[in-house]
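Novice: Number 95 in the working numbering belongs to position 95 of the sequence shown; there are no gaps in the numbering.
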Amino acid sequence: MCYNGYRSEKDGCRTGACFFFCLKLYIGHMTKGMSPIEAEKQASVAFSPAILRLSSSACFSVFLALSLLITGLLYGAAFRVSQMAIVSSPANPNAAFERSVREVVDGYPIEAMAPYIARHRKVTAAFLVGIAKKESNWGKRIPRSVDGADCYNYWGYRGEGSRGMAMGHGCFGSRREAIAVVSKRIDALVDEYQFDTPEELIVWKCGWNCAGHSQESVKKWISDVKIYFNKVNN
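(1) Could you tell me whether the Cβ atoms of A178 and F172 are closer together than 7 Å?
(2) With a 10 Å radius around its C-beta and 16 neighbouring C-beta atoms as the bar for buried, classify F229 as buried or exposed.
(3) Just reading off the alpha helix (DSSP H) that N230 is part of, what are its end residues?
(4) Measure the Cβ-Cβ separation of V101 and A126 and say whether it is below 7 Å.
(5) Could you check what DSSP says for D187 in three-state terms: helix, strand or coil?
(6) In the DSSP assignment, find the alpha helix (DSSP H) that holds R99 and state where it starts and stops.
(7) Do you know offhand how far R144's Cα is from N92's?
(8) If you measure between the beta carbons of G159 and G168, is that distance less than 7 Å?
(9) Within its chain, find whatever has a CB closer than 8 Å to the CB of Y108; leave out the 5 residues flanking it on each side and keep chain order.
(10) Tell me which same chain residues have a C-beta within less than 8 Å of the C-beta of H79, skipping the five on either side of it?
(11) Please say whether V225 and I142 have beta carbons closer to each other than 7 Å?
(12) Taking the alpha-carbon positions, what's the N234 to H120 distance?
(13) Report yes if the C-beta distance between W221 and K205 is below 7 Å; otherwise report no.
(14) Can you look up A118 in the DSSP assignment and give me helix, strand or coil?
(15) How long is the line joining the alpha carbons of N4 and S61, rounded to whole angstroms?
(16) Have a look at the DSSP bridge pairing and note the partners of R144.
(17) Kindly indicate the opening and closing residues of the alpha helix (DSSP H) around C206.
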């Protein structure tokens, strides 16, 4: 049975438990040295219904106050967390273009260069893809270093790379370097000379004079480059 005013409420019993224990210790201390009769009188006063109801109510009030305080603190913490800005890595602005490039060159060695190609404007990226198809079949016919390693030169570029020259062409140290060097040359032709079509960029094949090349080979170069140039520069 519960003697704290909450005869039918288990919560009331639990709430007053701490008080009863403390009260028992207190009474034991106060009645120390008293006769049994005096000690019994003192205990009966302490455990009177009025005292028990008052103490139980006080204990419940303290419990309720602590519960409200903890609830408030938890709610405040949750609110602050909800207001915090979620820090995330910025989205790749070239993701859609990179997917387009990958779709065109899917399955070829040059596909690994798609992230670097997609960082450039469309006309430059289109020439990177179109010329590489004609000059190396997108990385399947390439110059290699003396130890047989890939020089990453898929465009027939004749300038020197960080690994020097190989088979008459530049030998680059990485895909990133290859795209950086070749795209810079293409940008110069586009910006300085306004060569922004495969017909105009035939200088990549011939230099400034195509007299040493047959008309058929010139036309073939232009038509082959144009197919994939248009796929990217759409």
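Where a beta carbon is used, it is the ideal one built from N, C-alpha and C, also for glycine. Note that this is a predicted model, so its numbers are computed, not measured.
Specialist: Quick look at the numbers:
(1) yes
(2) buried
(3) Q215 to V232
(4) no
(5) helix
(6) A95 to V105
(7) 33 Å
(8) no
(9) N137, W138, G139 and K140
(10) Here residue 79 turns out to be Phe, not His, going by the sequence shown. Contacts found: none.
(11) no
(12) 14 Å
(13) yes
(14) coil
(15) Interpretation of N4 is limited by its pLDDT of 47, a score under 50 that renders its predicted location unreliable; no figure is taken from the coordinates.
(16) D150
(17) V203 to C206
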